[in-house]
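Below: one structure, written as C-alpha cells.
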Amino acid sequence: MPGARSRLVVATHLCAAVLVLLWSIPTFGLLVSSFRDRDQISASGWWRAMFPAEVSSQYRAAPPSTAIVKNGLYTIEGNIFNGAGGEVIAFGTSIRSPAEYAVGRRVVAQGGEAVTLTRNGDYSITSTTPMTGPRGMRIFATTVSPAKFTLGNFDRVIGAEGMGQAFLNTLTVSIPATVIPTLIAGFAAYALAWMRFPVRALVMAVVVGLMVVPLQMAFIPLLTFHNKIGIGKGYLGVWLAHTGFGLPLAIYLLRNYMITLPREIIESARIDGIPEFQIFLRIVLPLTLPALAGFAIFQFLWTWNDLLVALVFLGSSADQLVLTGKLRGMMGAHGGEWEILAASAFVTMAVPLLVFFTMQKYLVRGLLAGSVK
Amino acid sequence: MEQVGATAVTVLIGVFGCTGYYFLSNRMLDRICRADVLRCNHIRPWLFMLPALVLMGLYLLYPVFVTLCLSFMDAEGDHFVGAANYLWLMQDAKFRESMLNNLMWLVVVPAASTVLGLIAAGVTDRIRWGNFAKAMIFMPMAISFIGAAVIWKLVYDYRPDGEEQIGLLNAVWTAMGGQAQVWLDSPILNSVLLMVVLIWIQTGFAMVILTAALRGISKDIVEAAVLDGASPVQVFLRIKIPQIGGTILVVWTVITVTVLKVFDIVLTMTNGQWGTQVLANLMFDWMFRGNDTGRASTVAIVIMLMVTPVMIWNIRNTLREVR
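Residue numbers (the working numbering), protein chains in the order written: chain A, 75 to 447; chain B, 79 to 401.
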C-alpha cells in the first residue's frame with residue numbers, strides 16, 4: 075500500500091510541524107515584541123512586525139501667535155514630525171474621525187480655518203480672520219512607520235529598571251545552590267548504591283518519599299527556624315533551602331545511575347584494598363559524570379527559575395531580589411507595557427535557554443536515569 | 079562585584095568544606111578502628127550519608143511535623159485551637175473553589191501532557207528533523223513559570239473593541255468573526271487557559287521520557303506485528319503503548335505532583351481572582367497576606383494529603399526494588 079504509507083508520512087510530518095509551531099510561536103511572539111518599541115507594539119500584533127505599521131496619533135500645530143500674513147491670509151505652517159521624518163496616509167481634525175481625509179486635501183476645521191496636511195507631514199492652516207488662543211490646533215494623522223527593531227528595551231530594563239542587579243542576585247542564588255547539593259548527594263548516593271548496611275532499603279524509601287513533599291509544608295517552620303538561628307532572610311538561608319529541597323531527587327537520580335556501573339570495577343578495587351573514600355572519588359565519581367551533569371543542569375534550571383523559595387527565604391531589597399521576583403514586580407508595575415515585560419522576560423530566560431540548548435543531551439540523560447530502567 | 083566574590087567564596091567554602099568533612103571523617107574512622115575493620119564497614123555508610131540526611135531531615139522531614147502541629151494552632155501559632163482551622167476550611171468558599179480547581183487541574187494537565195507527549199514522541203521519532211522538533215517542544219522546560227506567564231499573557235492579551243488586537247488568541251478569534259474577549263476573567267475558561275501554560279511546559283518532559291521508553295521496546299514484537307499486517311498506527315496504539323504502560327504511569331504521577339504545587343502561574347496571571355484560585359496560592363495568601371500560620375499550615379496539610387497516595391506508591395515500589 076504505497077499510497078497509504080506516503081499519506082501516513084505526510085500526516086506525521088504535518089503533525090510534528092503543528093506541534094512545533096504551537097510550542098514555539100508563543101515564545102517567538104514575545105521575543106519579537108522585546109525588540110519593538112512601545113508605539114509599534116500597541117499599533118499592531120507582533121506577527122506584523124516585519125511590515126510597516128500604521129499608527130494614528132495626535133499632533134499639535136504651532137500656536138496662533140506664530141501666524142504670519144501670507145497672500146492676505148493668516149497662515150501657520152510647519153511640519154508635524156518636526157523634521158524627524160515620516161509618512162502620512164490620512165488625517166483628520168477631530169478625534170472622532172482621525173483618518174477622515176486623504177493627504178493634500180484642504181478641509182475646513184471646526185473653528186472655520188482651512189487645514190491641509192501633505193504626505194511628508196507639512197501642514198498649513200489659513201484663516202481670513204486672526205486666530206486666537208494659547209495653543210496650536212490639534213491635527214490627527216495616520217502615519218506609516220517602517221518596520222524597525224530596537225535594542226532600547228533591553229538597555230532600559232538592564233540598566234534603569236534594575237534587571238542587571240537582579241541577574242547578579244539570581245546568579246548568587248543558583249551557583250552555590252547547584253554545586254553543593256550535587257556534591258553531597260554524590261556521597262550519599264554512593265553509600266546507597268554500593269555499600270551494604272542494614273536499613274539501606276528503608277533509607278532509600280524515605281528519600282523517595284521526601285521527593286514529593288510539597289515545599290509549602292516547609293516554609294513556615296523553616297522561616298521560624300532561620301530566624302531563631304540568626305540567618306533570617308538572606309542568601310545563606312536560600313542556599314540551604316535549595317540544597318535540602320534538591321537532595322532527594324539528586325540522590326535518587328545519582329543512585330539509579332551508580333547501580334548500573336559494572337560491579338567488577340568496584341569489587342576489584344575493594345579487593346586491592348583501596349579505601350572506600352578513594353574508590354568513590356577516583357573511580358565512581360568520574361564514571362558518574364553524565365548523571366552528575368544531568369542533575370546539576372536540572373538543579374541549576376530549577377534554582378534559576380524558582381520564584382517561590384526566593385520569595386519566602388530572601389528579602390526584597392535591591393541586592394536580594396532575584397530575576398523572577400523582579401519580573402513579577404514588573405508585571406504589577408508595568409502591566410500593559412509589553413516592551414518592558416518582553417525584554418525583562420528575555421533577560422530572565424537568556425541563561426536557562428542557553429544552558430538548555432547547549433547541554434540538552436545531559437539534561438535528557440539525567441532525566442532518564444530516574445524514570446526508565 | 080563584591081557579591082560575585084562572595085558567591086565564589088561560598089562555592090569554594092562549600093566544596094572544600096564538604097570534601098574536607100568526608101575526607102577527615104573517613105580518615106578518623108580508619109584510625110579508630112584499624113583493628114576491627116568489619117565494624118567500620120557498618121559505620122562508614124552513615125558518614126557518607128550524614129550531611130544529606132541532616133539537611134533532608136531538617137528541611138523536609140521536620141517541617142512536616144511542625145506544619146502538622148501548627149495546623150491545630152491559632153494564627154500566631156501560640157494557642158491550641160483543636161480542629162477549628164479544619165472546620166473553617168470546610169466552610170470557606172475560597173477553599174472549596176481552590177479544591178475544585180485543583181481537582182480539575184489534576185485531571186486535565188497530566189492527561190493532556192501525557193497524551194500530547196506520547197503523540198510528540200511517536201511522530202518526532204519517525205522524521206528526519208525529529209531532533210529539532212524535540213528541542214522546540216522540550217524548550218519550555220527551561221523557561222520559568224513566570225516567564226511562561228508573561229509569554230502567555232501576551233497571547234491572551236485583550237484590547238477594547240475597535241483597537242487592533244495584539245494578543246494572538248484575540249487576533250485569531252476576531253479574524254474568525256468573534257468578538258474580542260477578556261479571556262482571563264471568565265470562570266472555568268480562564269482556569270483552562272492557565273492549564274494550557276502548564277501543559278505547554280510539561281509536554282516536553284513527557285515526550286523525552288516516553289521517547290526513551292518507546293525506543294526500548296523490543297524490535298521483534300513490532301516486526302512480528304508488521305508481518306501479521308498491522309498498520310503503523312495499529313502498531314503504535316495496540317503494541318507499543320501497552321508495552322510502555324509502566325513508564326506512562328511514572329510520567330503521569332510526576333506531572334500530578336507538579337500540578338499540585340502549581341503556584342507561580344496562578345499568582346502572576348490572575349492571582350487567584352475570577353475563580354482561578356488553587357491550593358498552593360491560597361496557602362501563600364494566608365501565609366503572607368493573611369498572616370495566619372494556622373490556616374496556611376492547614377492548607378499545606380491538605381496539599382500534603384493529596385500527594386500522599388503518590389508518595390506511598392513510590393515508597394512501596396522502592397522497597398520492593400531495593401533489597
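Just so it is clear, CB atoms sit at the ideal spot from N, CA and C, and this is done for glycine as well.
Please decide whether residue i counts as near chain B, where near means a Cβ-Cβ distance under 8 Å.
i	result
Thr86 of chain A	yes
Met423 of chain A	yes
Phe430 of chain A	yes
Pro360 of chain A	no
Gly283 of chain A	yes
Thr101 of chain A	yes
Leu415 of chain A	yes
Arg344 of chain A	no
Glu174 of chain A	no
Tyr264 of chain A	yes
Phe109 of chain A	no
Asn301 of chain A	no
Phe214 of chain A	no
Gly318 of chain A	yes
Leu147 of chain A	no
Gly236 of chain A	no
Glu411 of chain A	no
Within 8 Å of any Cβ in chain A, is that where the Cβ of residue i sits?
i	result
Tyr236 of chain B	no
Met151 of chain B	no
Pro73 of chain B	This structure cannot speak to residue 73 of chain B, because chain B is shown only from 79 to 401.
Glu154 of chain B	no
Cys96 of chain B	yes
Trp230 of chain B	yes
His157 of chain B	no
Gly242 of chain B	Note on residue identity: the sequence assigns Glu, not Gly, to residue 242 of chain B. So, interface residue.
Pro141 of chain B	yes
Gly92 of chain B	yes
Tyr164 of chain B	no
Asp306 of chain B	no
Looking at the ligand SAM, does it come within less than 7 Å of residue i, judged from the CB to the closest heavy atom?
i	result
Ile294 of chain A	As presented, the structure is devoid of all ligands, the ligand SAM included, so that no description of it is given.
Once the 5 residues before and after residue i are set aside, which same chain residues still bring their CB inside 8 Å of it?
i	result
Ile340 of chain A	Trp268, Ile353, Ile357 and Val358
Tyr164 of chain B	Ser149 and Thr376
Met433 of chain A	Ala367 and Ile371
Ile325 of chain A	Ala259, Ala262, Ala263, Leu266 and Val281
Met75 of chain A	Here the model assigns Met75 of chain A a pLDDT of 48, short of 50, so the residue's position is not dependable and the matter cannot be decided.
Just to confirm my understanding: we take residue i, look at its own chain, exclude 5 residues before and 5 after, and list those with CB closer than 6 Å. What are they?
i	result
Ala211 of chain B	Thr202
Val329 of chain B	Thr192, Ala284 and Ile287
Pro224 of chain B	Looking at the sequence shown, residue 224 of chain B is not Pro but Ile. Asp342 and Thr346, listed in sequence order.
For residue i, collect the residues of the same chain with a Cβ closer than 7 Å to its Cβ; drop the 5 residues on either side in sequence, then sort them by chain order.
i	result
Val106 of chain A	Trp120 and Ala123
Phe125 of chain A	Ala221
Met273 of chain B	Trp183, Val186 and Val187
Val275 of chain B	Ala226, Ala227, Trp230 and Ile343
Lys447 of chain A	Summary for Lys447 of chain A: the model assigns pLDDT 45, below 50, so the residue's position carries little reliability; its value from the coordinates is reported in the next sentence. Correct list: empty, nothing qualifies.
Ile91 of chain B	none
Leu401 of chain A	Ser418, Ala419 and Thr422
Thr244 of chain A	Trp378, Val396 and Leu397
Leu271 of chain B	Tyr234, Trp261 and Leu262
Leu385 of chain A	Gly399
Gly245 of chain B	Leu232, Val233, Tyr234, Asp235 and Tyr236
Gly83 of chain B	none
Asp380 of chain A	Thr398
Met332 of chain A	Ala263, Tyr264, Ala267, Trp268, Val358 and Thr362
What residues match up with residue i in a beta bridge as DSSP calls it?
i	result
Ala188 of chain A	A:Val182 and A:Thr200
Tyr133 of chain A	A:Ile213
Thr149 of chain A	A:Ile142 and A:Thr200
Glu161 of chain A	A:Val218
Tyr175 of chain A	A:Phe165
Glu128 of chain A	A:Val218
* At a cut of 8 Å, does the segment 344 to 356 of chain A reach the segment 203 to 222 of chain A through at least three beta carbon pairs? -> no
* Asked: Touching or not, the segment 138 to 145 of chain A and the segment 197 to 208 of chain A, by the rule of three or more beta carbon pairs under 8 Å?
  -> yes
* To do: Could you name each continuous beta strand (DSSP E) segment of 3 residues or more that falls completely within the segment 197 to 221 of chain A, going from the start of the chain to the end?
  => 212 to 219
* To do: Only counting runs of 4 or more residues, tell me where the alpha helix (DSSP H) segments fall wholly within the segment 290 to 316 of chain A, in order along the chain.
  => 290 to 302
* alpha helix (DSSP H) runs contained entirely in the segment 121 to 206 of chain B, provided each spans 4 or more residues -> 140 to 148, 162 to 169 and 171 to 202
* To do: Spell out a yes or no on whether the segment 144 to 160 of chain B and the segment 307 to 322 of chain A are touching, meaning 3 or more CB-CB pairs, one atom from each, closer than 8 Å.
  => no
* Touching by the beta-carbon criterion (3+ pairs, under 8 Å), the segment 283 to 294 of chain A and the segment 366 to 380 of chain B -> yes
* Asked: Can at least three beta-carbon pairs, one atom from the segment 80 to 92 of chain A and one from the segment 390 to 408 of chain A, be found at a separation below 8 Å?
  -> no
* To do: Would you check if there are 3 or more beta carbon pairs closer than 8 Å linking the segment 340 to 355 of chain B to the segment 296 to 311 of chain B?
  => no
* Are three or more beta carbon pairs between the segment 212 to 220 of chain B and the segment 88 to 103 of chain A nearer than 8 Å? -> yes
* Using 8 Å as the Cβ pair cut-off and three pairs as the minimum, do the segment 162 to 173 of chain A and the segment 181 to 200 of chain A touch? -> yes
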